[in-house]
Every structure is written in C-alpha cells, then in structure tokens.
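A.B. asks: What follows is a structure written as structure tokens; I'll ask about it next.
Residue numbers (this note's numbering), protein chains in the order written: chain A, 3 to 217; chain B, 18 to 27.
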C-alpha cells in the first residue's frame with residue numbers, strides 16, 4: 003500500500019458516500035444516472051468475485067464489501083425506494099449502457115492476462131469501469147442545473163482513478179516485474195474521459211459560478 | 018503468478 007493508492011481508495015470511498023448521503027438525506031437522485039450506477043454494480047460484482055476465495059487484508063475485504071454494498075444499495079434506492087425513484091429523470095437518462103457491456107465482455111475475452119473465468123471477468127470489470135461514467139456525463143450535459151453533490155460525486159469518482167495512475171507509476175518504479183498494461187491503459191482511458199468535466203468543474207470553481215457543461 | 022499481485026488493488 004502506498005499513499006497514492008490510499009488517497010485513491012479514500013477518494014473513491016468519498017464519492018460513494020457523497021452519493022449515498024445525497025440520496026439518503028434529501029431522498030432525491032435528480033441528476034444521477036441509474037445506468038452508471040448499474041454499470042458500477044456490475045463492475046464491483048465482477049471485480050470482487052475473489053472476495054471469498056482470496057484474502058489480502060482486512061482493509062481490502064472491508065473496502066470491497068463497502069463498494070459492493072453501496073453500489074447495490076444505490077441501485078436499489080433509485081429503482082425501488084418509493085420517494086427516491088420518483089426523482090429519477092428516466093427520460094433524460096437514455097444512454098444504451100448495455101451497448102457498453104457487450105464490447106467490454108468481448109474485449110475481455112480477447113485481451114486478458116490469463117484465460118480463466120475469474121481473470122476474464124476481472125478484466126471485463128476493468129474495461130467496463132473505464133466507460134461506466136459515460137451515461138452520467140451524458141446526463142450531466144442534458145440536465146442544465148448540476149447540483150453540487152452530483153458535481154462533487156463525479157469529480158471524486160474521476161479523481162480516484164487519477165490517484166491510482168500515480169500509484170501504478172510508484173509501484174512500477176519500486177516493485178520489479180510490476181507491469182500491468184491492461185490495468186494501466188484502462189485506467190488512463192477512464193481518467194481521460196473525465197478531462198472535459200474536470201476542465202468545466204475547475205472553471206466553475208475558479209469563477210465561483212454554477213457548474214454548466216456545454217450542450 | 019504476477020497477476021495475483023495486482024489483485025491486492027481494489
């Protein structure tokens with residue numbers, strides 16, 4: 003464990019807590035894409051299949067449980083909670099996210115480190131996570147008024163993978179044989195997808211005005 | 018198995 007990875011995990015944790023806080027306290031998921039939340043639930047479900055078979059540390063297992071629990075409960079809130087589900091703007095959240103799942107699965111079947119069931123699904127979860135934010139970014143462009151919590155959620159979610167990139171650089175420099183091109187490229191693509199969001203987020207923060215993404 | 022090392026990440 004290094005400071006970059008810890009910062010990344012804490013930023014990721016903060017992002018899901020911000021979202022859960024928003025949904026649980028104000029009972030609203032306005033501006034949040036259910037498609038992205040469903041994709042993230044699939045990402046964690048396929049990423050952490052080894053939660054029962056391999057144990058690394060209490061921290062590792064605890065964080066996996068938190069990410070699994072939070073992503074599935076957010077999906078549950080947005081789909082089934084009587085108050086929250088009414089605030090979900092179904093008409094705007096129309097990204098065909100299943101069109102993201104299949105290519106990622108095919109790619110994982112083609113490009114992976116080892117051709118085993120767990121490894122292919124784990125690689126699939128990496129590819130899917132890289133694009134999981136797309137429905138949310140599309141939704142943000144459509145809903146003009148981005149409330150602070152949703153903006154913070156996306157910002158933290160984008161930032162965590164940025165910290166992971168620093169972690170990979172650090173581990174590459176300090177650990178022999180630590181080379182994982184698939185993880186690195188997927189993580190880089192993921193972070194780059196946030197580039198324009200980050201730009202407009204900083205602009206709104208610097209000029210102290212509402213976050214508005216260009217249509 | 019080098020890939021196992023990577024699995025200690027979330």
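Think of the CB as a built atom: it goes at the ideal place given N, C-alpha and C, for glycine as much as any other residue.
(1) Whole angstroms are fine: how far does the CA of residue 103(A) sit from the CA of residue 217(A)?
(2) Compute the Euclidean distance between the alpha carbons of residue 18(B) and residue 116(A), then round it to the nearest angstrom.
(3) Apart from the five residues just before and just after residue 65(A), which ones in its own chain have a Cβ nearer than 8 Å to its Cβ?
(4) When you check each C-beta in the region 103–130 of chain A against every C-beta of chain B, which residues fall closer than 7 Å?
(5) Contact criterion: CB-CB distance below 8 Å. Does residue 65(A) meet it with respect to chain B?
(6) What's the C-alpha gap between residue 166(A) and residue 6(A)?
(7) Determine, using beta carbons only, whether residue 73(A) comes closer than 8 Å to chain B.
(8) List in chain order: all unbroken alpha helix (DSSP H) runs of 4+ residues lying wholly within the region 67–130 of chain A.
(9) Establish whether the CB of residue 7(A) and some CB of chain B are separated by less than 8 Å.
(10) Quick check on residue 197(A): buried or exposed, where buried means 16 or more other Cβ atoms within 10 Å of its Cβ?
(11) Listing by chain order, which chain B residues have their CB less than 8 Å from the CB of residue 62(A)?
(12) Please list, in chain order, the chain B residues whose beta carbon lies closer than 8 Å to that of residue 69(A).
C.D. replies: This is what the structure gives:
(1) 26 Å
(2) Because residue 18(B) carries a pLDDT of 43, less than 50, the predicted location of this residue cannot be relied on, and the following value inherits that uncertainty. One C-alpha to the other measures close to 10 Å.
(3) 11 and 15
(4) 115, 116 and 121
(5) yes
(6) 6 Å
(7) no
(8) 100–112
(9) yes
(10) exposed
(11) 25 and 27
(12) 27
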